[in-house]
Each structure stands twice: as structure tokens, then as C-alpha cells.
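Take a look at the structure below.
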Amino acid sequence: INYQNKLVDYFFDR
Amino acid sequence: MFEARLVEGSLLKKVMESIKDLLNEASWDCSGNGMCLQAMDSSHVALVSLMLKSDGFENYRCDRSISLGINLASMSKILKCASNDDIITIRAEDDADAITFMFESPKQDRVSDYEMKLMNLDTEHLGIPDTEYACVIKMPSGEFSRICRDLSVLGDSVIICCTKDGVRFSAKGDLGNGNIKLAQSANVDKEEEAVVVDMREAVTLTFSLRYLNFFTKAAPLSSQVSLSMSEDVPLMVEYKINDKEGDSKGYVRYYLAPKIED
Numbered sequence: 042i043n044y045q046n047k048l049v050d051y052f053f054d055r
Numbered sequence: 005m006f007e008a009r010l011v012e013g014s015l016l017k018k019v020m021e022s023i024k025d026l027l028n029e030a031s032w033d034c035s036g037n038g039m040c041l042q043a044m045d046s047s048h049v050a051l052v053s054l055m056l057k058s059d060g061f062e063n064y065r066c067d068r069s070i071s072l073g074i075n076l077a078s079m080s081k082i083l084k085c086a087s088n089d090d091i092i093t094i095r096a097e098d099d100a101d102a103i104t105f106m107f108e109s110p111k112q113d114r115v116s117d118y119e120m121k122l123m124n125l126d127t128e129h130l131g132i133p134d135t136e137y138a139c140v141i142k143m144p145s146g147e148f149s150r151i152c153r154d155l156s157v158l159g160d161s162v163i164i165c166c167t168k169d170g171v172r173f174s175a176k177g178d179l180g181n182g183n184i185k186l187a188q189s190a191n192v193d194k195e196e197e198a199v200v201v202d203m204r205e206a207v208t209l210t211f212s213l214r215y216l217n218f219f220t221k222a223a224p225l226s227s228q229v230s231l232s233m234s235e236d237v238p239l240m241v242e243y244k245i246n247d248k249e250g251d252s253k254g255y256v257r258y259y260l261a262p263k264i265e266d
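These protein sequence lines are chains A and B, in that order. Each position in the first sequence, counted from 1, maps to that position plus 41 in our numbering. Each position in the second sequence, counted from 1, maps to that position plus 4 in our numbering.
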């Protein structure tokens, strides 16, 4: 199955 | 005081249509450069980053930067009260707790104004790193909408495989599977109908079609769409907003985290 990643895994919290 | 007058009011109507199904509420960050909005959907899987540049407005006054917290469903309902050929003026006092929209018919024989309460939103903004993408695909926006719609018949994910020959969109599910291959356009006579693949290295990524079908709501804003991809990096889908002369008035960018086979 495909696991849906989250954007916070890639973009940084300011 | 903030006041912005947009002669092509239909542009703001289209912008609202492009985000209202994806986002519930967001802040319009208004500054001298223009109106910006950045927000993630509730599941933090997709992000919208849009800008309407100040020089795209007939007149634009922003005494100091302000952030207008908006319930987008409400703003969308109010903008539905504007005709496509209305001139739209947005106004908010600096210490405002409300925002005003004024719609003027071209003959100025019908002027309506609507006031909407503002919300206090903590604008948590994510830092989007500048990325040199491995692949950038430019294609007609209608074509991309069609691909996303057709493939969602088959499954909830699309595999986008970009190579030097072109780009292939694949989906599979209980019903079966499907592939749509787009070749790089040979003769680029009509720029906006061309498929152009700028590939530094081949990339294959999997994305949710549900979100891509939200993104394609922006297609009326631009005849072209660009898909930017790198391995294990969110997809960027960009609809540029240009005026008739082709000058940039802004953009609507969507970012979508990939799905990982585990």
C-alpha cells in the first residue's frame, strides 16, 4: 500500500 | 488602511474557486508587494501558496502590512454575488475586524458592497525551500485536468514517470489499470498547447489524485500548468496568472507530499 506523507516531513516550521 | 481595486474582478472569483474546496480558512497577508496567502489543508498533506501582485490592481494602497483572517467558504459565497465583469474593490481598516468587498458593474449603474467579519488566525507559515527540480513539465492546464479526472476512475493514486521521452501518468485499482503518455511537443507553434519536458534526471513519484483534482480547480486561471518534481520532494503544481500582454500578475502554487510505497 502507499503511505501518504505529510508536508511537515519536507518543509520546515518557521 | 488597505484598499485594492481589481478591474478584472473575475480573476478574484477564479482564485477563490481554486482554493475554497481545499482550505477552510486562511489569512491574506497584504503588503506593498501584493496580496499573498499560504495555508495547508486540514490533513497537512497539501499546501497552497498564492500571490496577487500589487501592480495587477488598477489601484492598490497598503499603508502597512496587515493579515486578514478569512473564512474562505464565506468569502467565496460573497464573491459569488459579483458578476464576472464587475470591478471588485477590497477594503480593510488597519485595526479592522471586518473586510469590505465592493462590486461595481462596468457601467457603474450597479454598485453593491458586502462586509464580512475577519477571524483571528495564527498564521503558521511553513518554510518552502527553494528547489532545483529534476523535472519540470509544462502542459495545457485542460490536459492536466483531463488526465487527473480520467485516471481517478481507476484508482486513488497516480504514478507520474518523467523521462527524456516525455511523461507517463499511470493508475491502477480493482477495475484495472491505465496509462496516459504525453510526448514532448515537436513543433511548438502554439506555446500554450505544447507539452514541454525539462528534465535534468528522470523522476518517478506517486501522488493522491484526490488532491490533484482539488488543484485542477485553478485551471480557469491559466491556459498552462507546470508540474515540478524531484525524487522524494513535494510536487509543485503552478498556475501562473498573467495579463493579456503576458506580464505576471501573480500565481497559484500547490504543493503535495508524495505517497511512499511501503
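Cβ coordinates follow ideal geometry from the N, Cα and C atoms, glycine included. Note that the structure is predicted; figures quoted are calculated from it, not measured.
- Taking CB atoms only, Leu213/B has no neighbour in chain A less than 7 Å away.
- Where Glu147/B is concerned, the enclosing alpha helix (DSSP H) starts and stops at Ser145 to Leu155.
- Distances from the CA of Glu195/B to each of Asn28/B, Ser227/B and Leu122/B were compared; the closest alpha carbon is that of Ser227/B.
- Contact with chain A is absent for Glu136/B, since none of that chain's Cβ atoms lies less than 7 Å from the residue's Cβ.
- Per DSSP, reduced to three states, the secondary structure at Glu12/B is coil, with no helix or strand assignment.
- Straight-line measurement puts the Cα of Asp90/B at about 11 Å from the Cα of Asp113/B.
- Leu51/B belongs to the set of residues whose beta carbon lies under 7 Å from a beta carbon in chain A.
- Annotated three-state conformation of Lys194/B is coil, per DSSP.
- Remark: C-beta atoms of Asp67/B and Met5/B approach each other more closely than 7 Å.
- Taking a Cβ-Cβ threshold of 9 Å, the residues of chain A close to Thr210/B are Asn43, in chain order.
- Ser174/B has Ile163/B and Asn183/B as its beta-bridge partners, per DSSP.
- Shown here for Glu108/B: same chain residues with a beta carbon closer than 7 Å to its own, the five before and five after excluded, namely Asp90, Ile91 and Val115 in chain order.
- In the structure shown, Ser31/B adopts extended strand secondary structure according to DSSP, grouped into three states.
- Between Glu205/B and chain A, the shortest Cβ-Cβ separation is not below 7 Å.
- A Cβ-Cβ contact shorter than 7 Å links Glu242/B with Tyr255/B.
- When the five nearest sequence neighbours on each side are left out, the beta carbons in the same chain lying within less than 6 Å of the beta carbon of Ile184/B are those of Ile151 and Phe173, in order along the chain.
- Within its own chain, the residues whose Cβ lies closer than 7 Å to the Cβ of Asp45/B, once the five positions on either side in sequence are excluded, are Leu26 and Leu27, listed in chain order.
- At least 7 Å separates the CB of Leu27/B from every CB of chain A.
- CA-to-CA, the gap between Lys47/A and Leu213/B works out to about 15 Å.
- For Lys263/B, the residues of chain A that pass the 8 Å Cβ criterion are Asn43, Tyr44, Gln45 and Asn46, in the order they occur in the chain.
- Each residue's CA atom was taken as its position, placing Val49/B and Ile141/B some 22 Å apart.
- Contacts with chain A at 7 Å (Cβ-Cβ) include Ser161/B.
- Residue environment: Arg204/B is assigned as exposed (fewer than 16 neighbouring CB atoms within 10 Å of its CB, all protein chains considered).
- Its Cα nearest to that of Lys84/B, the residue Gly13/B stands out among Gly13/B, Gly36/B and Thr210/B.
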